[in-house]
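Q: Protein chains in written order, with the working numbering: chain A, 62 to 944; chain B, 3 to 114. From the three backbone atoms N, C-alpha and C, an ideal C-beta is built for every residue, glycine too.
In C-alpha cells form, the structure reads like this:
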C-alpha cells in the first residue's frame with residue numbers, strides 16, 4: 062500500500078526526481094574519475110574512462126524511472142496521445158467515423174430512452190414494486206366504492222383516479238387543461254410529498270365536505286402562477302366553478318399515468334359540482350375510472366388476487382345495475398404498477414419495437430462501416446506499424462495502439478451520440494403529441510440509459526478495433542516495409558473487408574425494404590379517400606351549459622344552434638353531429654332482432670346528425686331525401702344510410718322505404734330508410750368505410766351535454782372564421798363553451814404512428830444505403846489501387862477496357878450477389894413481424910422488394926463504377942516502371 | 003553499456019541483497035556502495051551504474067532504504083542511502099533465502 066502511495070507521490074514530483082537523479086549520477090561519475098586519477102590516469106583519460114563506465118545514461122535514467130511508474134498507465138497515456146494525434150492528422154476519416162457512430166449510437170440511445178421512460182422507469186413514489194393496478198380497463202364509480210370498502214384486508218391502501226380534460230376559461234372558447242379526479246387517499250397511498258402547501262386528503266373527498274380544492278402540477282404552477290408562493294390559496298376557475306389551490310406537486314411526480322402531466326388534480330367529490338345532472342358517480346354503466354392499490358408487505362400479487370376474487374361477489378352485488386346478470390363476471394386480475402400506467406404503451410408499443418429493431422440494424426451497419434474504415438486505415442499504415450514491430454514493440458502493443466484509437470473514436474462518437482439522442486428524443490416525443498392530448502415523457506438521462514450507451518460503445522469499440530488490429534499485425538514486418546510490392550496477387554486481407562461490405566449490403570437491403578414498405582403504407586393511408594371534403598372545415602366541440610339539464614331543454618338548445626348557423630351570412634354550411642369522424646370514437650349498434658353482441662356481419666355504425674351536416678361534410682345524396690322538420694320527437698323514426706349499408710343490409714330491393722331494426726338490447730327500434738348518401742370514412746383511416754346509419758338529431762331522446770358543430774365558412778381566414786363561430790354561439794347562449802379545431806388536425810392525428818414510422822425508416826434506410834455505398838466504393842477503390850500493377854501487366858499484354866472492367870466488376874458482382882441475397886433472406890423472414898404496421902400491403906410485397914433490390918443494385922454499381930473507370934485509365938508503362 | 007557484471011544476471015534480486023548488506027554497515031552514497039562491494043568481494047563484483055541506480059530506486063519504492071542529500075568527502079553534493087527497519091528485516095529474509103538457494107545448488111553439485 063505504502064509503495065503505491067510513494068509511486069503516486071513520485072508522479073507529482075517527478076521532474077524534481079529527474080534532476081536529483083541526474084545530479085546523483087554526475088556526482089557518482091566525478092567520484093569515479095577522482096578514483097581513477099588517484100590510480101594514476103591523467104585527468105582527461107580519467108574523465109573519459111569514467112564517462113564510459115557510466116554507460117548508457119539514458120537507459121539508466123529510464124530504468125530508474127520505470128521502477129517508480131505504473132508501466133501500464135504510462136503506456137496507456139502514450140497510446141492515447143498518439144491516437145489523438147493520428148486522428149487529428151486524418152481529419153476526414155475521424156469525422157466520418159465519429160459522425161457515423163454518433164448517429165448510430167445516438168439513434169439507439171434516443172429510442173432506448175423513450176422505451177426507458179415509457180416502460181422501464183419506476184414511478185417516483187414510495188416503494189414502487191408493491192403498487193398494483195386492477196387490470197384491463199376502466200371501472201365504474203360504484204365498483205370503486207365497493208372495492209375500497211371490501212378490500213382492506215387485501216391491500217395496504219387503495220385509490221382511484223380518472224383522467225380527463227377540463228376547462229379553465231370563464232366562458233366562450235375553452236382553455237383546456239389536463240386534469241384528474243382522484244380519491245382522497247391517493248397521495249397518501251403513493252407516499253409523495255408536496256412542494257408547497259398540502260396534497261389532497263380523504264377529508265376533501267367527502268360529499269358533505271369542501272371538495273372545491275385542487276392541487277396543481279409543478280409545470281402548471283410555473284406557467285400560470287410564475288412559481289409564486291401566492292399560488293397556494295389562490296382561486297382557480299375550473300369548468301366555471303371556483304376552486305382553491307391548496308398545494309403544488311413536486312416536479313418529478315406527474316400523476317400515476319406515464320406520458321401525461323396532471324396539471325390540475327381535484328377530488329371525485331367535486332365531480333357532481335362540475336357535471337351536475339350528468340354526474341358519473343352514480344353511473345353503474347359508466348366505465349371511466351382506474352383503480353390501484355398497494356400490496357400489504359410480504360404479500361405477493363397471486364395472494365392478493367386470491368383475496369380479491371374472494372370478495373368479488375360482494376363487490377358485484379353492491380355495484381351491479383339492477384337486472385344485469387352478466388355484470389363483473391370476469392375474475393379480477395392484478396397487474397404490477399411499479400412503472401405506472403400508460404395508454405401510450407398500447408398505442409405505440411409495436412411501432413416503438415419496430416423502430417428499435419431498425420436503429421439496432423443501423424448501429425450494426427455503422428459498426429461494420431467503422432470496422433471497414435479502420436481496417437482500411439490500418440492497411441494504409443502498414444509500413445508505420447511494421448516499423449514499430451521491427452523496433453521491438455510486441456504484437457500486443459501494436460494491437461493495443463489500434464484498439465485505443467478505436468476507443469477514442471467510439472468515446473467521441475458516444476458522447477456526441479448522447480447529445481444527439483437528447484435532441485432527437487425530444488423531437489420524437491413532440492411528434493407523438495396530437496389533438497388527442499399532449500405527450501410528455503421525462504427523457505432525462507438515468508443510469509439505465511447511460512449504461513446502455515456505455516455498453517453499446519464498448520461493444521462497438523471492441524468489434525471495430527479488434528478486427529483490423531488482428532488482421533494487420535499478422536503481417537511480417539519485413540514484408541510490409543518494402544517500398545513497393547510488385548506482388549501481382551491480390552491482398553487476401555481484402556476478404557475481411559469484403560465480408561464486412563457484404564454484411565453492410567445485406568442489412569441495408571433490409572432497411573431499404575422496410576423503408577419502402579412503411580413509406581408506401583403512409584402514402585396509401587394518407588391518400589385514402591375520406592368520402593367527405595375535409596378542407597376548410599372548422600370543428601367545434603360545443604358543451605351545453607350545466608344549467609340546461611332537461612333533455613327537452615337540451616334538444617331545444619341544439620335546435621336553436623342549428624337554426625342560428627343556418628341564418629348567418631358568411632357560413633356556407635353548418636351541421637351538428639354526435640360523433641366526429643376520424644377521432645376514433647364510435648357508436649355502433651346491431652342490425653336485426655338477434656340477441657347478444659353485434660358481430661361483424663350484423664354491426665352497423667351510427668351517428669345522429671342534423672341535415673346541414675350532410676351538406677357541410679360534402680356527402681352526396683344518392684337517392685331519397687334529407688332530414689326535414691317533420692323528423693322530430695314523436696314522429697316515426699327515420700334513418701338515412703350510406704351506400705355500404707345499403708349494399709350489406711338492404712341488398713336486392715330498392716333501399717328507400719325499407720324498414721330496418723336496430724339498436725342495443727334495451728332499445729330495439731324500427732326505422733324507415735328515407736335516403737342514401739355516399740360513403741365516408743367513420744372512425745379511422747385504417748378502418749375505412751363501414752356501414753353507417755344516420756339518425757336525425759332531433760329524434761334522439763337523451764341529449765348529451767356536448768355536441769360537435771362542423772362549419773364551413775366562405776371566408777378563408779382562420780381567425781375570421783373562428784370569430785364568426787364564437788359570436789354566433791354566444792348569441793345563441795352565452796353559457797356555451799367550445800373548443801375549435803380544424804379537420805386537418807384530426808387527420809394528422811390519425812396518421813401519427815404511420816408518419817413517424819415512415820419518417821424514421823425512410824431516414825435510416827437512406828443512411829444505410831449511403832453507408833453501404835461508401836463501404837463498397839472504399840473496398841473497390843482499394844482493390845484497384847493494390848492491383849494496379851496487375852492491371853498494368855494485363856493491359857500491356859493486350860487486355861481491353863472491357864476486360865479490365867469485367868475484372869473489377871466480377872468481384873463487385875460477387876459481393877452484391879451475396880449481400881443482396883442474404884438481405885433478401887433476412888427480409889423475407891423478418892417481414893411477418895411488421896405486418897400489423899402495414900396498410901393494404903402484404904409484408905412480402907413483391908414490387909417493394911424488387912424496387913429495393915434495384916435501388917441497392919444501382920447504388921452498388923454506381924459506387925463501384927467510379928474506381929472501376931479509374932482502373933481502365935491505368936497507363937501500363939507508368940505502372941510497370943514505378944511499381 | 004558499462005561494466006554490468008551484476009550478479010542479478012544469475013540470481014534475480016541478489017543485487018538488492020548485496021546493496022542492503024552494504025548499507026547495513028552505515029549510510030553510503032551510490033559510489034560508496036559500488037566501492038564497498040568491489041572491495042568486499044575482492045574485485046569479483048563490479049556493479050555498473052545502469053544496474054545500481056534502478057536497484058536503489060527499487061529499495062526506495064519498497065521502503066527498505068531512505069535517501070538524504072548530504073556532502074561527500076570531496077565536497078560534492080551526494081545522496082546518502084540509509085537502511086530502514088523494514089530494510090533490516092528484508093535483509094535478513096533475503097539472506098536466509100539466498101543461503102537456502104546456494105545450499106540447494108551445492109547439494110546438487112556434491113551429489114554428481
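Answer with buried or exposed for residue 22 of chain B, where buried requires no fewer than 16 other C-beta atoms within 10 angstroms of its C-beta.
A: That one is buried.
Q: Closest to residue 527 of chain A by C-alpha separation, out of A/441, A/501, A/490 and A/433, would be which residue?
A: The shortest Cα separation from residue 527 of chain A among A/441, A/501, A/490 and A/433 belongs to A/433.
Q: Can you check whether the C-beta of residue 15 of chain B is within less than 8 Å of a C-beta belonging to chain A?
A: Chain A contact via Cβ: absent.
Q: Please determine, among A/848, A/110, A/129 and A/375, the residue with the shortest C-alpha to C-alpha distance to residue 67 of chain A.
A: Nearest C-alpha to residue 67 of chain A: A/129.
Q: Under a CB-based cut-off of 8 Å, is residue 74 of chain A close to chain B?
A: No, residue 74 of chain A lies away from the interface with chain B (no Cβ there is under 8 Å from its Cβ).
Q: For the alpha helix (DSSP H) holding residue 469 of chain A, just list the boundary residues, first then last.
A: Note, residue 469 of chain A: alpha helix (DSSP H), 456–493.
Q: Distance check for residue 95 of chain A and residue 107 of chain A, CA to CA, integer angstroms please.
A: Distance between the alpha carbons of residue 107 of chain A and residue 95 of chain A is about 8 Å.
Q: Let me know the secondary structure DSSP gives residue 82 of chain B once reduced to three states.
A: Strand at residue 82 of chain B.
Q: Could you check whether the Cβ of residue 80 of chain B sits closer than 8 Å to any Cβ belonging to chain A?
A: Judged by the 8 Å Cβ criterion, residue 80 of chain B is in contact with chain A.
Q: Starting from the C-beta of residue 218 of chain A, find all residues in its chain whose C-beta is less than 8 Å away, skip the five residues before and the five after it, and write them out in chain order.
A: Only 246, 249, 250, 354 and 355 meet the Cβ criterion.
Q: Helix, strand or coil for residue 200 of chain A per DSSP?
A: Here residue 200 of chain A sits in strand by DSSP.
Q: Considering only C-alpha positions, which residue in the set A/110, A/113 and A/120 is nearest to residue 55 of chain B?
A: Considering only alpha carbons, the answer is A/120.
Q: CA-CA distance, residue 812 of chain A and residue 583 of chain A?
A: Spanning the two alpha carbons is a distance of roughly 8 Å.
Q: Quick check on residue 751 of chain A: does DSSP put it in helix, strand or coil?
A: Here residue 751 of chain A sits in coil by DSSP.
Q: Could you check whether the Cβ of residue 523 of chain A sits closer than 8 Å to any Cβ belonging to chain B?
A: Closer than 8 Å: no.
Q: Find the nearest neighbour of residue 33 of chain B within the set B/26, B/80 and B/59, judged by alpha-carbon distance.
A: It is B/80 whose Cα lies nearest to the Cα of residue 33 of chain B.
Q: One question on the structure: do residue 436 of chain A and residue 529 of chain A come within less than 8 Å of each other, judged by their Cβ atoms?
A: Contact: yes.
Q: From this set, A/710, A/510 and A/495, which residue's C-alpha is nearest residue 405 of chain A's C-alpha?
A: Measuring from the Cα of residue 405 of chain A, the nearest candidate turns out to be A/495.
Q: If you draw a straight line from the C-alpha of residue 35 of chain B to the C-alpha of residue 127 of chain A, how long is it?
A: About 22 Å.
Q: Within its chain, find whatever has a CB closer than 8 Å to the CB of residue 205 of chain A; leave out the 5 residues flanking it on each side and keep chain order.
A: Here the set comprises 221, 244, 350 and 352.
Q: I'd like the span of the beta strand (DSSP E) that includes residue 67 of chain B, first residue to last.
A: Per DSSP, residue 67 of chain B belongs to the beta strand (DSSP E) from 67–73.
Q: Would the stretch 327–342 of chain A count as touching the stretch 167–185 of chain A if we require 3 or more Cβ pairs under 8 Å?
A: No, because fewer than three Cβ pairs between the stretch 327–342 of chain A and the stretch 167–185 of chain A fall closer than 8 Å, the two stretches do not touch.
Q: Between which two residues does the alpha helix (DSSP H) holding residue 714 of chain A run?
A: Where residue 714 of chain A is concerned, there is no enclosing alpha helix (DSSP H), given that its DSSP letter is neither H nor E.
Q: Could you tell me whether the Cβ atoms of residue 403 of chain A and residue 612 of chain A are closer together than 8 Å?
A: Not a contact, by the Cβ cut-off of 8 Å.
Q: How should residue 929 of chain A be labelled, buried or exposed, when 16 other C-beta atoms within 10 angstroms of its C-beta is the threshold for buried?
A: Classification for residue 929 of chain A: buried.
Q: Note down, in chain order, every chain A residue with its Cβ under 7 Å from the Cβ of residue 60 of chain B.
A: Ordered by position in chain A, the residues that pass the 7 Å Cβ test against residue 60 of chain B are 128.
Q: Determine the contact status of residue 215 of chain A and residue 368 of chain A, defining contact as a CB-CB distance below 8 Å.
A: In this structure, residue 368 of chain A lies closer than 8 Å to residue 215 of chain A by Cβ.
Q: By DSSP, does residue 177 of chain A sit in helix, in strand, or in coil?
A: The answer is helix: DSSP assigns residue 177 of chain A an H, G or I state.
Q: Would you say residue 945 of chain A and residue 313 of chain A are within 8 Å of each other, going by their C-beta atoms?
A: Residue coverage of chain A in this structure runs from 62 to 944, which leaves residue 945 of chain A outside it and unanswerable.
Q: What ranges does the alpha helix (DSSP H) occupy inside the stretch 584–647 of chain A, keeping only unbroken runs of at least 4 residues that lie completely in it?
A: The qualifying runs are 612–628.
Q: Report yes if the C-beta distance between residue 382 of chain A and residue 346 of chain A is below 8 Å; otherwise report no.
A: Yes, they are a contact pair.
Q: I'd like the list of long-range same chain contacts for residue 161 of chain A, defined as Cβ closer than 7 Å, with 5 residues on each side in sequence excluded.
A: For residue 161 of chain A, where only same-chain residues beyond five positions count, the Cβ hits under 7 Å are 427, 430, 431 and 832.
Q: Alpha carbon to alpha carbon, how far is residue 730 of chain A from residue 698 of chain A? Give it in angstroms, no decimals.
A: Going by the C-alpha atoms only, they are around 8 Å apart.
Q: Quick one: is residue 857 of chain A near chain B, going by C-beta distance under 8 Å?
A: No - not a single Cβ of chain B is within 8 Å of the one on residue 857 of chain A.
Q: Using the C-alpha atoms, what's the distance from residue 371 of chain A back to residue 600 of chain A?
A: Going from the Cα of residue 600 of chain A to the Cα of residue 371 of chain A covers about 49 Å.
Q: Which residue from A/290, A/672, A/105 and A/109 puts its Cα closest to that of residue 736 of chain A?
A: It is A/672.
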